[in-house]
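If you're matching positions, the sequence shown starts at 1 in the working numbering and goes up one per residue. Ideal placement from N, C-alpha and C gives every residue a C-beta, glycine not left out. Just so you know, these numbers come straight off a predicted model, no measurement behind them.
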Amino acid sequence: MSETSTTLIHHPYKPPAGFDAIPPGVYKASTIAFPSVAALRSRDWKHKTGYTYGLHGTPTTFTLEERIATLEGGKHCTLVPSGLAAVVLVGMALLKAGDELLIPDNAYGPNKTFAQGELAGWGITHRFYDAMNPADLAAKLGPKTRLVWLEAPGSITLEFPDMPALVAAVKAHKNAHPAGIVTALDNTWGAGLAFNAFDLGLDISVQALTKYPSGGADVLMGSVVTRDEALHHLVHFCHMRVGYGIGGNDAELVLRGLNSMALRYAAQDAATRELAAWLAGRPQIATVLHPALPGSPGHETWKRDCAGAACLMSAVFKPEFSPERVDRFCDSLKLFKLGYSWAGPMSLCAPYDIPALRTTPWPHKGGLVRFSVGLEAVADLQADIAQALEKA
Ligand SMILES: *Cc1c(COP(=O)(O)O)cnc(C)c1O
Numbered sequence: 001m002s003e004t005s006t007t008l009i010h011h012p013y014k015p016p017a018g019f020d021a022i023p024p025g026v027y028k029a030s031t032i033a034f035p036s037v038a039a040l041r042s043r044d045w046k047h048k049t050g051y052t053y054g055l056h057g058t059p060t061t062f063t064l065e066e067r068i069a070t071l072e073g074g075k076h077c078t079l080v081p082s083g084l085a086a087v088v089l090v091g092m093a094l095l096k097a098g099d100e101l102l103i104p105d106n107a108y109g110p111n112k113t114f115a116q117g118e119l120a121g122w123g124i125t126h127r128f129y130d131a132m133n134p135a136d137l138a139a140k141l142g143p144k145t146r147l148v149w150l151e152a153p154g155s156i157t158l159e160f161p162d163m164p165a166l167v168a169a170v171k172a173h174k175n176a177h178p179a180g181i182v183t184a185l186d187n188t189w190g191a192g193l194a195f196n197a198f199d200l201g202l203d204i205s206v207q208a209l210t211k212y213p214s215g216g217a218d219v220l221m222g223s224v225v226t227r228d229e230a231l232h233h234l235v236h237f238c239h240m241r242v243g244y245g246i247g248g249n250d251a252e253l254v255l256r257g258l259n260s261m262a263l264r265y266a267a268q269d270a271a272t273r274e275l276a277a278w279l280a281g282r283p284q285i286a287t288v289l290h291p292a293l294p295g296s297p298g299h300e301t302w303k304r305d306c307a308g309a310a311c312l313m314s315a316v317f318k319p320e321f322s323p324e325r326v327d328r329f330c331d332s333l334k335l336f337k338l339g340y341s342w343a344g345p346m347s348l349c350a351p352y353d354i355p356a357l358r359t360t361p362w363p364h365k366g367g368l369v370r371f372s373v374g375l376e377a378v379a380d381l382q383a384d385i386a387q388a389l390e391k392a
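Shown next, in the form of structure tokens:
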């Protein structure tokens, strides 16, 4: 190699300190250099007092962790490469062979799939419970139960559970696991804005930062937040062992999204409520599921516990609409694109076969379409749904 390479790689120039930019700096490094062997041996990676390796955090990722912990009203945050990775990390950190976890029957599908796949293979059992019935959760708690997931509202069907009652059922359980029972919430919908998970009694709050905190539909990331330091260490040390690092560019996108997150949440909330109320009155629709809509399952609990609602609503068609007609409705939408995910700028929708996704009874006969309302004008979105209803 040429001397030029050496000179460039080891270039002595250091820019002056004091560049007080408004956005945090974006650091990208697989590793950092230690000033001495003594420093290398003694550096603490556990408490964010120093740097050891890219996977263990950079100034950029530490900054994002602190902001997400604040957003959620928690104390400690660990970042992972996706929302699903956050769910998986909690399971890996807490569960051992012989343990059992309980998952709401209406939970985010891949949470259940991970339990049925890897966790089952590792000798960890699971049961699904009816999140709208705390007595069902109480009946399923046993001496092996180590982790109880909650999700508010339910994925796709948007029933809003009584989280304090579910947590109380766990706390009242006498025949407990020797290590105790941990409650964890998938808080992607609440996003730290609609309610404070820790004030409602939860131990862990997980988010897909992919959704509201990013807001751009251009990055995947997840977070695990706790108030309890011992619990945080369980999660954080597992994070170190499995190497769930995130990149500086991705952290930068989420840091930027956080600035406008509360405004986007409120705007999309208002737009979704307007569309939900209108859609509920269409002759083709049997019911619209949305926690802020009177009559939607868990509406009263939502009203008691929440200061807002996210951008999701699900419409159940009347039974005379065959699955083919519901598909035609979805194919006829122009502004609502067909796709998963949500909380981005563009409106999305997808049809779901609910009975295939759950074990608890589903009271509706017609097909269900879930909508994620983006940042387009409400009148344009309403006109789009109206024309697609005509074509169905
Ligand atoms: C999207 C989503 C996830 C997973 O997030 P990814 O970043 O897409 O892996 C988890 N839970 C809920 C409720 C979600 O909507």
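Only counting the same chain, and skipping five residues up and downstream in sequence, which positions put a Cβ closer than 8 angstroms to that of residue i?
| i | result |
| --- | --- |
| Arg67 | Leu255, Leu258 |
How is residue i classed by DSSP in three states: helix, strand or coil?
| i | result |
| --- | --- |
| Phe317 | strand |
| Ala184 | strand |
| Trp278 | helix |
| Gln284 | coil |
| Ile124 | coil |
| Ala29 | coil |
| Ala139 | helix |
| Leu231 | helix |
| Ser42 | helix |
| Tyr129 | strand |
| Leu396 | Only positions 1 to 392 of the chain appear in this structure, which leaves residue 396 out of reach. |
| Thr272 | helix |
| Ser296 | coil |
| Cys189 | Residue identity check: residue 189 is Trp in the sequence provided, not Cys. Coil, per DSSP. |
| Leu242 | Inspection of the sequence shows that residue 242 is occupied by Val rather than by Leu. DSSP places Val242 in helix when its eight states are reduced to three. |
| Trp149 | strand |
| Gly248 | helix |
| Gly50 | coil |
| Ala208 | strand |
| Val225 | strand |
| Lys14 | coil |
| Leu55 | helix |
| Lys391 | helix |
| Leu381 | helix |
| Leu202 | coil |
| Lys144 | coil |
| Leu312 | strand |
Near residue i, what residues of its chain come up, given a Cβ to Cβ distance below 7 angstroms and the 5 sequence neighbours on each side ignored?
| i | result |
| --- | --- |
| Pro134 | Asp162, Ala165, Leu166, Ala169 |
| Arg325 | Ala392 |
| Ala180 | Correcting the residue identity first, residue 180 is Gly in this sequence and not Ala. No residues qualify anywhere along the chain. |
| Leu193 | Ala262, Tyr265, Gly308 |
| Ala388 | Phe329, Ser332, Leu333 |
Of all the options the options, which has the alpha carbon lying nearest to the alpha carbon of residue i?
| i | options | result |
| --- | --- | --- |
| Ala395 | His10, His11, Gly25 | Residue 395 lies beyond the residue range present for the chain, which begins at 1 and ends at 392; the question has no answer from this structure. |
| Arg146 | Asp20, Asp99, Ser82, Ile285 | Asp99 |
| Ile385 | His364, Leu335, Thr226 | Leu335 |
| Cys306 | Ser2, Val182, Ala152, Asp130 | Ala152 |
| Leu253 | Trp189, Val206, Gly192, Gly344 | Gly344 |
| Pro395 | Gln207, Thr157, Thr301 | The question about residue 395 has no answer here: the residues shown for the chain are numbered 1 through 392. |
| Leu137 | Ala120, Ala115, Pro143, Ile103 | Ile103 |
| Ala139 | Lys174, Pro363, Met221 | Lys174 |
| Phe406 | Thr61, Tyr53, Ala271, His233 | An answer regarding residue 406 cannot be provided, because it is not within the stretch 1 to 392 covered by the chain. |
| Met92 | Cys238, Trp149, Ser260 | Cys238 |
| Val148 | Gly281, Glu65, Thr58, Val90 | Val90 |
| Val182 | Glu3, Asp228, Ala29, His364 | Asp228 |
| Arg370 | Leu357, Ala172, Tyr352 | Tyr352 |
| Gly366 | Gly339, Thr287, Ser296 | Thr287 |
Excluding five sequence neighbours on each side, which residues of the same chain lie with their C-beta closer than 6 angstroms to the C-beta of residue i?
| i | result |
| --- | --- |
| Thr63 | Pro24 |
| Val225 | Ala69, Glu72, Gly74, Cys77, Ser205 |
| Trp302 | Phe160, Pro291 |
| Leu55 | Gly243, Gly245 |
| Leu375 | Pro345 |
Shorter than 7 angstroms, the distance from the beta carbon of residue i to the closest heavy atom of ligand 2, or not?
| i | result |
| --- | --- |
| Leu137 | Although ligand 2 was asked about, the structure shown includes only ligand 1 as ligands. |
Q) Within the chosen definition, does the segment 261-269 reach the segment 296-310 through at least 3 CB pairs nearer than 8 angstroms? A) yes
Q) Counting pairs of beta carbons, one from the segment 320-334 and one from the segment 183-203, are three or more of them closer than 8 angstroms? A) no
Q. Which ranges does the beta strand (DSSP E) cover as unbroken runs of at least 3 residues, wholly within the segment 349-379, from first to last along the chain?
A. 368-372
Q: Report the residue ranges of all beta strand (DSSP E) runs contained in full by the segment 61-112; include only those spanning at least 3 residues, in chain order.
A: 76-80, 100-104
Q: Assess, as a yes-or-no matter, whether the segment 185-200 is touched by the segment 63-79 under the definition of 3 or more beta carbon pairs within less than 8 angstroms.
A: yes
Q) Within the chosen definition, does the segment 111-121 reach the segment 231-251 through at least 3 CB pairs nearer than 8 angstroms? A) no
Q: Mind the definition here: the segment 370-383 touches the segment 112-131 only if three or more C-beta pairs lie below 8 angstroms; say whether that holds.
A: no
Q: Check whether the segment 6-20 touches the segment 41-61, counting contact only when three or more Cβ pairs, one atom from each stretch, lie closer than 8 angstroms.
A: no
Q: Evaluate the contact criterion for the segment 206-216 versus the segment 338-353: three or more CB pairs, one atom per stretch, below 8 angstroms.
A: yes
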